[in-house]
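569 is the number that my numbering gives to position 569 of the sequence shown; each next residue is one higher, with no gaps.
Some notes on the structure that comes next.
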Amino acid sequence: MKTQKITSYIENHQKRILWLAIFLFCIVVISLLAVKFFNYGYNAIDLGIYNQIFYNSTQGELFQFSIHPHSYLGDHFELFILILLPFYYIWQSSFMLLILQTVFIGLSAWPLYLIAKRKLSPTWSLIITVALLLNPFILNMNFFEFHILPFAIFLLLFTFYFYAQKKFFCFMVFSCLALLVREDVPLVIFMFGILALIEKRKWSWYLMPIIISTAWFIGAIYMTGYLNQSGSYKFLSMYGWLGGSIQEMLINIFTQPWLVIKQIFSLNNFFLVIGSCLPLAGLPFLKLKYLIPACLVFIQLLLIQTSSVIVLQTHYLSLIIPFLFIAAIYALEELNRKKQPASLIKQFILKRRLLFSTIFIAAVIYSFLTFSPIIPGIIGLFNKPKISYNTTQYEKIINNTNKNEAIVASFRFLPYISNRPHLYSLHYSFQGKKQFSEEPYEIPVDIDKIAIDFGDFLIYHLQSQNISSYKENYSTGPDRIHDLISQNNLNLSDINDSIAVYEKNADNKIVLYEIMDQPDHAINGSEAALGDAITYLGWRFINDQATKNDSLAISLFWQAQKKLADNYQIKFQAEDKNGEVIFAKYYPLGYGLLPTSHWPPDKIIKTNYWFTVPNEIQPQISQLNLRLVDIKGYMGLDGIRSAVMDITEEKIIGPDIPLPYNTL
Numbered sequence: 001m002k003t004q005k006i007t008s009y010i011e012n013h014q015k016r017i018l019w020l021a022i023f024l025f026c027i028v029v030i031s032l033l034a035v036k037f038f039n040y041g042y043n044a045i046d047l048g049i050y051n052q053i054f055y056n057s058t059q060g061e062l063f064q065f066s067i068h069p070h071s072y073l074g075d076h077f078e079l080f081i082l083i084l085l086p087f088y089y090i091w092q093s094s095f096m097l098l099i100l101q102t103v104f105i106g107l108s109a110w111p112l113y114l115i116a117k118r119k120l121s122p123t124w125s126l127i128i129t130v131a132l133l134l135n136p137f138i139l140n141m142n143f144f145e146f147h148i149l150p151f152a153i154f155l156l157l158f159t160f161y162f163y164a165q166k167k168f169f170c171f172m173v174f175s176c177l178a179l180l181v182r183e184d185v186p187l188v189i190f191m192f193g194i195l196a197l198i199e200k201r202k203w204s205w206y207l208m209p210i211i212i213s214t215a216w217f218i219g220a221i222y223m224t225g226y227l228n229q230s231g232s233y234k235f236l237s238m239y240g241w242l243g244g245s246i247q248e249m250l251i252n253i254f255t256q257p258w259l260v261i262k263q264i265f266s267l268n269n270f271f272l273v274i275g276s277c278l279p280l281a282g283l284p285f286l287k288l289k290y291l292i293p294a295c296l297v298f299i300q301l302l303l304i305q306t307s308s309v310i311v312l313q314t315h316y317l318s319l320i321i322p323f324l325f326i327a328a329i330y331a332l333e334e335l336n337r338k339k340q341p342a343s344l345i346k347q348f349i350l351k352r353r354l355l356f357s358t359i360f361i362a363a364v365i366y367s368f369l370t371f372s373p374i375i376p377g378i379i380g381l382f383n384k385p386k387i388s389y390n391t392t393q394y395e396k397i398i399n400n401t402n403k404n405e406a407i408v409a410s411f412r413f414l415p416y417i418s419n420r421p422h423l424y425s426l427h428y429s430f431q432g433k434k435q436f437s438e439e440p441y442e443i444p445v446d447i448d449k450i451a452i453d454f455g456d457f458l459i460y461h462l463q464s465q466n467i468s469s470y471k472e473n474y475s476t477g478p479d480r481i482h483d484l485i486s487q488n489n490l491n492l493s494d495i496n497d498s499i500a501v502y503e504k505n506a507d508n509k510i511v512l513y514e515i516m517d518q519p520d521h522a523i524n525g526s527e528a529a530l531g532d533a534i535t536y537l538g539w540r541f542i543n544d545q546a547t548k549n550d551s552l553a554i555s556l557f558w559q560a561q562k563k564l565a566d567n568y569q570i571k572f573q574a575e576d577k578n579g580e581v582i583f584a585k586y587y588p589l590g591y592g593l594l595p596t597s598h599w600p601p602d603k604i605i606k607t608n609y610w611f612t613v614p615n616e617i618q619p620q621i622s623q624l625n626l627r628l629v630d631i632k633g634y635m636g637l638d639g640i641r642s643a644v645m646d647i648t649e650e651k652i653i654g655p656d657i658p659l660p661y662n663t664l
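Below, the structure is given as structure tokens:
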């Protein structure tokens, strides 16, 4: 009886439930994104890039940005930005972009519901719609920065809806709107034409999508090469293992097909295929025909030598997810028919329909709880003091900038100071090369400030271990940053922990390190041999003051016994009275500007640090110590899809170094 009442209520209030689900999705996600945003959790460059593009476009400089020194259309052919600009005018902020992305993703439930309603019962139509809003990969792309590609989900679902309704004009309108999103969307529209051909539609249904998408794809690829001044589509480098040009790639595909087969059927790609279908309990496998529009894009992903985890945690599935859900809808529709299906698998499921329904709902909920960023986001919401660590220093530096200043900035600053015409990324300055290019990265204007988190130098260290182009330029990176500072007459004016700012005509000139023959003052602590290459000599409070802004202001003295090839880092740790580590953070030794590979043997190296720990941890501290470490690892994403270091190996060099602990 209760089941009948619930079913009756759903049938009578379908639209209300649909729009309530969309509204709740937008409210919850935007609230969690606000926590991430206002605690400086966006540190993967893309949001900063897009905000500068949108801001400059509102100032009459369409598609212009300085982080990459050319029109953005030379990166991606995303004319859909023009459609979003009027909304951005309302509030010219990078957070507005996150709101727009969330609303469009949430609204994607509407066309999916319209598709489902034609094939399924009201209850199942709403279940599949809610499954989209709970899909972890939808939420991942929502939390990971900002991109134009997720806007295609809404448009492609409407494209299919009108395809299924056989409304050709509306189908073509939404196909053309989808083409505006990015240069790879034509791969989807092209395959719509193939689907129409398979289904024996009239010639216009297959000929028009094929012709228009082919022309758009060729034109878009040509324009990106023309506008980025390289003459080629720069993201071809993601398929560099196939060759250095389109011609080389095609030759290798046909002359060495085993390389392609090995890549496509790799274990990494197996996890990608299984993982993408897991939240739908594998239903898309039962209706492969409706995956045809996504198959070229899926092959494209399979050919990229990128971790399946990164693909699933970011926006790469944007053009595939709509068709996973469409295939699932048609699979459910077939399973609900009275006619016995031919497939043994479908017959097996049909006989156990209630069990499979339970498994499907369990898969939706399990995937949401396990793979989505919502739970980590909620934990962060109630753990705000911890994630707010060091936000005061970020705010101080950001609030002291104006839009006319030309600034070079670390990753974490970029989204918050990108409302300006002249903004440059510190990591490109360190690397010395443009993205996916051997051309030098040059800054054409005088720089007024460098907003820097020295933790970025740890990122460069890890990237040099895994990316060949980074490795080639890593050793000379500090010299390029020194040149950037000196050529623009900048001085370090403020620092707290690893967060600092260089600016012109600074009254307060802070020194990070010195190379000397003898210590300039008496030093404290015991000398310690750290392996056979470095000797730790001792410490001294900076300017005889133990603290600055609730941080431990301390000079550390070192000596290299020989010329070092490796760059070591330091790990700052706080322990409680039981000897348990309650806080730990890595710092680049010498701030990355004077790495150990640049230390002259037998000279004294003095490094000044302002170590900080979260306020709520300070009363528990019983001991502070340092470790000299050699770290290996790679960059990954955390629970809320911020970029983080994943340290896979930490080699401790010598004994721990005790620091004064009663001064914080």
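We put the CB at the ideal spot given by N, CA and C, even for glycine.
{"Query": "N-terminal and C-terminal residue of the alpha helix (DSSP H) that Ala196 is part of", "Result": "Val185 to Ile198"}
{"Query": "For Asn404, the nearest candidate out of Gln435, Ile374 and Val445 (CA to CA)", "Result": "Val445"}
{"Query": "For Arg420 and Ser57, the rounded distance between their alpha carbons", "Result": "11 Å"}
{"Query": "Contiguous alpha helix (DSSP H) assignments of at least 4 residues, all confined to the stretch 283-334", "Result": "295-302 and 308-313"}
{"Query": "Residues near Met645 in its chain [Cβ-Cβ closer than 7 Å; skip 5 each side]", "Result": "Leu458, Ile459, Leu462, Gly633 and Met635"}
{"Query": "Host alpha helix (DSSP H) of Trp205 (start-end)", "Result": "Trp203 to Leu227"}
{"Query": "Distance between Ile378 and Lys707 (C-alpha atoms, nearest Å)", "Result": "The first residue shown for the chain is 1 and the last is 664, placing residue 707 beyond what the model contains."}
{"Query": "Val173 to Phe160 span [Cα, whole Å]", "Result": "12 Å"}
{"Query": "Same chain only: Cβ atoms within 7 Å of Leu73, ignoring 5 sequence neighbours per side", "Result": "Phe63, Met223, Thr224 and Leu227"}
{"Query": "Exposure of Ser493, with buried meaning 16 or more beta-carbon neighbours within 10 Å", "Result": "buried"}
{"Query": "Three or more C-beta pairs below 8 Å linking the stretch 44-58 and the stretch 12-19", "Result": "no"}
{"Query": "Check whether Ile657 and Ala528 have beta carbons under 8 Å apart", "Result": "yes"}
{"Query": "The alpha helix (DSSP H) enclosing Trp610, as first and last residue numbers", "Result": "Where Trp610 is concerned, there is no enclosing alpha helix (DSSP H), although the beta strand (DSSP E) it sits in stretches over Ile604 to Phe611."}
{"Query": "Leu484 and Ser551 closer than 8 Å at C-beta", "Result": "no"}
{"Query": "Buried or exposed (CB count within 10 angstroms, at least 16 for buried), Glu11", "Result": "exposed"}
{"Query": "For Phe190 and Ser276, the rounded distance between their alpha carbons", "Result": "23 Å"}
{"Query": "Same chain, Cβ closer than 8 Å to Leu236, five either side skipped, listed in chain order", "Result": "Ser245, Ile246 and Met249"}
{"Query": "CB-CB length for Ile263 against Leu302, believed under 8 Å", "Result": "Residue 263 is actually Gln in this sequence, not Ile. Correct: roughly 7 Å between the Cβ atoms."}
{"Query": "Per DSSP, cross-strand counterpart(s) of Met516", "Result": "Ile604"}
{"Query": "Leu426 beta carbon less than 8 Å from that of Asp456", "Result": "yes"}
{"Query": "Residue interval of the beta strand (DSSP E) (run including Ile542)", "Result": "First-last for Ile542: undefined, no H or E at that position."}
{"Query": "Pair within 8 Å by beta-carbon distance, Lys87 and Phe37", "Result": "The question names Lys, but residue 87 is Phe in the sequence shown. Not a contact, by the Cβ cut-off of 8 Å."}
{"Query": "Assumed close pair Ile605, Gln518 - CB separation to whole angstroms, cut-off 8 Å", "Result": "Not really, about 12 Å apart at Cβ, beyond 8 Å."}
{"Query": "Reduced DSSP secondary structure (H/G/I, E/B, other) of Gly633", "Result": "strand"}
{"Query": "Exposure label - Tyr9; buried when at least 16 CB within 10 Å", "Result": "exposed"}
{"Query": "Assumed close pair Asn608, Ile542 - CB separation to whole angstroms, cut-off 8 Å", "Result": "6 Å"}
{"Query": "For Lys504, the residue or residues it bridges with in DSSP", "Result": "Leu490"}
{"Query": "For Ile27, the nearest candidate out of Leu195, Asn39 and Leu100 (CA to CA)", "Result": "Leu100"}
{"Query": "Extent of the continuous alpha helix (DSSP H) run through Thr401", "Result": "Looking at the DSSP string, Thr401 is not in any alpha helix (DSSP H), and its letter there is neither H nor E."}
{"Query": "The stretch 148-166 / the stretch 106-120 touching (three or more Cβ pairs under 8 Å)", "Result": "yes"}
{"Query": "Alpha helix (DSSP H) segment containing Lys262, residue limits", "Result": "Pro257 to Ile264"}
{"Query": "Nearest candidate by alpha-carbon position, reference Ser498, set Gln465, Arg480, Asp453 and Ala506", "Result": "Asp453"}
{"Query": "Nearest neighbour of Ile375, chosen from Phe54, Thr7, Val29 and Lys5 [CA to CA]", "Result": "Val29"}
{"Query": "Pro658, enclosing beta strand (DSSP E) - first and last residue", "Result": "Ala643 to Leu659"}
{"Query": "C-beta atoms of His482 and Leu624 nearer than 8 Å", "Result": "no"}
{"Query": "Endpoints, beta strand (DSSP E) assigned at Ile617", "Result": "Careful: Ile617 lies outside any beta strand (DSSP E) and carries neither H nor E."}
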